[in-house]
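The sequence shown begins at 320 in the numbering used here and counts up one residue at a time.
Where a beta carbon is used, it is the ideal one built from N, C-alpha and C, also for glycine.
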Amino acid sequence: MIDTKKIRKFFPAIKAGRIITNNAASTQVPVQLLELLKKLVVQYDNVHRGQSHSSILTTEEFESSYDTIAQFIGAPSRKNIILYRNATEAINAVMYSLMTEFKDGDNIVTTFMEHNSNYVPWYGLCKEILPKFGINVEYKIVKFDTETGALDLDHLKSLVDQRTKIVCCSGASNFLGTINPLKEIKAIADSSGYLQPNGDKRSYLLIDGSQLVPNTYVDVGELDIDFLVWSFHKMLAPFGVGALYAKEELLLKMRPFLYGGDMIAEGMVSPEKVAYNSLPWKFTAGTPNILGTILSSQAIRLLMDFSLNPGKQKYFMTDKKLERKDVKKAMDNIEVHEKILIGEALKILGDISSLNIYGPKTAANRTALVAFTCKNKSPFEIAEKLSNLGIESRAGCHCATLAHRYYELNPPASCRLSFYIYNDIEDVRKACLAVKKCI
Ligand SMILES: Cc1ncc(COP(=O)(O)O)c(C=O)c1O
Numbered sequence: 320m321i322d323t324k325k326i327r328k329f330f331p332a333i334k335a336g337r338i339i340t341n342n343a344a345s346t347q348v349p350v351q352l353l354e355l356l357k358k359l360v361v362q363y364d365n366v367h368r369g370q371s372h373s374s375i376l377t378t379e380e381f382e383s384s385y386d387t388i389a390q391f392i393g394a395p396s397r398k399n400i401i402l403y404r405n406a407t408e409a410i411n412a413v414m415y416s417l418m419t420e421f422k423d424g425d426n427i428v429t430t431f432m433e434h435n436s437n438y439v440p441w442y443g444l445c446k447e448i449l450p451k452f453g454i455n456v457e458y459k460i461v462k463f464d465t466e467t468g469a470l471d472l473d474h475l476k477s478l479v480d481q482r483t484k485i486v487c488c489s490g491a492s493n494f495l496g497t498i499n500p501l502k503e504i505k506a507i508a509d510s511s512g513y514l515q516p517n518g519d520k521r522s523y524l525l526i527d528g529s530q531l532v533p534n535t536y537v538d539v540g541e542l543d544i545d546f547l548v549w550s551f552h553k554m555l556a557p558f559g560v561g562a563l564y565a566k567e568e569l570l571l572k573m574r575p576f577l578y579g580g581d582m583i584a585e586g587m588v589s590p591e592k593v594a595y596n597s598l599p600w601k602f603t604a605g606t607p608n609i610l611g612t613i614l615s616s617q618a619i620r621l622l623m624d625f626s627l628n629p630g631k632q633k634y635f636m637t638d639k640k641l642e643r644k645d646v647k648k649a650m651d652n653i654e655v656h657e658k659i660l661i662g663e664a665l666k667i668l669g670d671i672s673s674l675n676i677y678g679p680k681t682a683a684n685r686t687a688l689v690a691f692t693c694k695n696k697s698p699f700e701i702a703e704k705l706s707n708l709g710i711e712s713r714a715g716c717h718c719a720t721l722a723h724r725y726y727e728l729n730p731p732a733s734c735r736l737s738f739y740i741y742n743d744i745e746d747v748r749k750a751c752l753a754v755k756k757c758i
């Protein structure tokens with residue numbers, strides 16, 4: 320388990336007395352990152368755009384941030400990492416980059432448990448963009464078991480066929496908490512027989528790792544997935560940076576999503592032809608979120624320290640390589656911690672007979688979030704009452720609108736509590752006992 324006593328003091332929000340239990344939306348920023356921000360503004364300058372000491376130093380820190388991010392998920396190198404504003408933009412980037420590859424009669428498979436970020440872009444592509452060019456592409460949606468919260472793999476298998484260009488699936492649901500079996504999903508995508516432009520006969524697989532990467536060990540090499548996206552504001556960093564991992568051979572062929580400065584090869588712009596920059600900068604048009612990128616990579620290093628060396632700095636502000644075994648140990652430790660927290664939450668909330676709890680019944684295959692509704696009580700009213708008791712929950716559809724409608728919830732809403740590494744068992748008990756009190 321995480322030694323929360325040693326890390327809670329670093330979070331101003333916790334020190335101010337808040338019980339932070341809405342972490343699936345965004346996590347809190349520790350003082351180390353706030354202090355780093357203060358340091359960075361002294362050498363504040365743009366990257367790839369100057370010969371000053373400040374610009375060179377900032378460029379080095381910015382570029383090496385990509386190495387940290389690549390190492391964290393087991394990507395071969397920084398060439399596989401593209402940074403955007405958030406996970407949503409990263410998914411849109413894949414959609415726009417692949418757009419011209421779609422052929423009439425292709426299909427896209429997504430699921431009923433997706434965040435709108437991994438459904439609406441595909442809806443837009445199929446319903447609004449491609450038809451304008453006379454190309455008809457269908458999207459198909461995989462069901463899940465409403466009792467267990469498990470994705471229906473047989474249904475997935477039945478929907479994936481020779482015309483499935485891409486399977487888009489969440490690694491973990493932000494409403495059900497379900498952790499999806501990525502190896503099985505990958506095997507199904509691999510078996511489609513879809514002929515990709517490079518001659519591969521399989522469907523691409525895009526995993527929305529927004530609720531997975533901050534909470535569990537993810538290794539893109541082991542999983543052999545094509546695309547992975549997630550946001551850093553769910554893992555201690557401030558808002559503003561999301562990542563796309565993609566296989567290098569795909570990125571080399573894909574069209575840029577954004578065109579403009581810095582994504583072009585130096586001097587290679589003429590009225591006749593434009594040549595693009597090398598990876599990953601081919602996908603980094605315009606001035607990037609430089610400070611956010613550095614803070615995001617340092618958030619990873621801090622997360623490693625909080626898990627493995629609480630109160631000490633072995634990774635944060637060093638250039639120590641993130642070895643796979645150490646990342647695994649750190650993330651497994653976080654997962655164990657979160658399983659204990661969610662196990663306790665399920666136990667207390669499970670005793671409230673009027674509550675309907677969504678997703679897997681045990682902590683074993685779920686992340687540290689729990690969403691619920693209560694007979695004859697509005698989730699919004701519950702969340703408001705919780706807030707009055709000092710408990711931070713979230714009521715609504717959490718952008719998992721398809722799944723809420725799948726349960727025929729009216730309004731399509733639930734109340735959700737979600738925990739992170741700095742939460743202790745007391746936070747969970749206080750939050751769940753407050754739910755009991757409210758209803
Ligand atoms: C599963 C999932 N996907 C995508 C997103 C979107 O993340 P962002 O708002 O950072 O783009 C979220 C955020 O709640 C999420 O939980």
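Query, Result
"Within 10 Å of its beta-carbon, does A584 have 16 or more other beta-carbons around it, so buried, or fewer, so exposed?", "exposed"
"Any chance you could list the beta strand (DSSP E) runs of at least 3 consecutive residues sitting entirely within the region 374 to 451, in chain order?", "400 to 403, 426 to 430"
"From what residue to what residue does the alpha helix (DSSP H) around D624 run?", "609 to 627"
"Which residue's Cα is closest to the Cα of I400: T407, N411, T387?", "T387"
"Tell me the DSSP secondary structure of L555 in three-state form.", "coil"
"Would you say the beta carbon of A343 comes nearer than 7 Å to a heavy atom of ligand 1?", "yes"
"Find out if the Cβ-Cβ distance for the pair Y385, R368 is shorter than 8 Å.", "no"
"Roughly how many whole angstroms lie between the Cα atoms of E642 and C716?", "38 Å"
"Are the Cβ atoms of L376 and P607 separated by less than 8 Å?", "no"
"Do three or more CB pairs link the region 475 to 482 to the region 672 to 692 at distances below 8 Å?", "no"
"Quick one, which of N365, K553, D538 has its alpha-carbon nearest Q347's?", "K553"
"Do N405 and ligand 1 come close, with the Cβ less than 7 Å from some heavy atom?", "yes"
"Give the single residue among E663, I609, P731 whose Cα lies nearest to the Cα of L359.", "I609"
"Measure the C-alpha to C-alpha separation of D602 and I392 and round it to an integer number of angstroms.", "At residue 602 the sequence reads Phe, which differs from the Asp that was named. The straight-line gap from Cα to Cα measures roughly 19 Å."
"Got a sec: does ligand 1 put a non-hydrogen atom nearer than 7 Å to the Cβ of Q347?", "no"
"According to DSSP, what are the bridge partners of A690?", "R735"
"Provide the residue span of the beta strand (DSSP E) that contains R713, from first to last.", "713 to 715"
"Is N707 helix, strand or coil when you go by DSSP?", "helix"
"Once you ignore the five residues that flank V747 on each side, which residues in its own chain have a CB closer than 6 Å to its CB?", "L660, E663, A664"
"With DSSP as the reference, label S477 as helix, strand or coil.", "helix"
"Taking 8 Å as the cut-off, does the region 548 to 566 touch the region 579 to 595 (at least 3 CB pairs, one atom from each stretch)?", "no"
"Any heavy atom of ligand 1 inside 7 Å of the beta-carbon of C718?", "yes"
"Roughly how many angstroms separate the alpha carbons of I498 and L728, rounded to a whole number?", "22 Å"
"Can you tell me whether V646 is buried or exposed? The criterion is at least 16 other CB atoms within 10 Å of its CB, across all chains shown.", "buried"
"Below 7 Å, is the gap between the Cβ of H552 and the nearest heavy atom of ligand 1?", "yes"
"Can you say whether L570 is buried or exposed, counting buried as having 16 or more other CB atoms within 10 angstroms of its CB?", "buried"
"Taking I460 as part of the alpha helix (DSSP H), name the residues at either end of that continuous run.", "No alpha helix (DSSP H) holds I460; the beta strand (DSSP E) holding it covers 457 to 461."
"Cβ of S737 versus every heavy atom of ligand 1: is any distance shorter than 7 Å?", "no"
"Leaving out the 5 sequence neighbours to the left and right, which residues in its chain are closer than 7 Å to G528 when beta-carbon positions are compared?", "G490, V537, L547, V548, W549"
"Which residue marks the beginning of the alpha helix (DSSP H) containing N652, and which one marks its end?", "643 to 669"
"Let me make sure I understand the geometry here. Which of D464, I676, I321, A389 has the alpha-carbon closest to that of G540?", "A389"
"When burial is assigned at 16 or more other CB atoms within 10 Å of the CB, is L417 buried or exposed?", "buried"
"Going by alpha carbons, who is nearest to I671 out of C757, A719, R574, E711?", "C757"
"Let's see if you can read the secondary structure: which residues bound the beta strand (DSSP E) around D322?", "Here D322 belongs to no beta strand (DSSP E), and DSSP marks it neither H nor E."
"Between the beta-carbon of V428 and the beta-carbon of L475, is there less than 8 Å?", "yes"
"Going by alpha carbons, who is nearest to S305 out of I676, V655, I333?", "Missing from the structure shown is residue 305; the chain here goes from 320 to 758 and no further."
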